[in-house]
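A.B. asks:
In our numbering, the protein residues as written are 65 to 109.
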């Protein structure tokens with residue numbers, strides 16, 4: 065089941081968006097999934 069998109073969040077996102085030399089300690093990735101029914105939910109969990 066492919067994710068709908070991939071989003072960068074937190075300090076890494078601030079590093080990409082900032083013009084300053086902004087450091088980050090971790091990488092937060094968000095994978096929104098399309099869970100239409102219980103079978104799809106079971107695949108994700």
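Where a beta carbon is used, it is the ideal one built from N, C-alpha and C, also for glycine.
Let me check understanding here. Comparing Cα to Cα, which of 77, 106, 99 and 71 lies closest to residue 89?
C.D. replies: Ranking 77, 106, 99 and 71 by CA distance to the CA of residue 89 puts 77 first.
A.B. asks: How many Å lie between residue 91 and residue 99 at the Cα?
C.D. replies: C-alpha of residue 91 to C-alpha of residue 99: approximately 25 Å in a straight line.
A.B. asks: Taking 8 Å as the cut-off, decide whether the C-beta atoms of residue 105 and residue 70 are in contact.
C.D. replies: no
A.B. asks: State the Cα-Cα distance for the pair residue 67 and residue 103, rounded to the nearest angstrom.
C.D. replies: 16 Å
A.B. asks: Report the rounded CA-to-CA distance for residue 85 versus residue 75, giving the unit in angstroms.
C.D. replies: Residue 85 and residue 75: Cα-Cα distance of roughly 12 Å.
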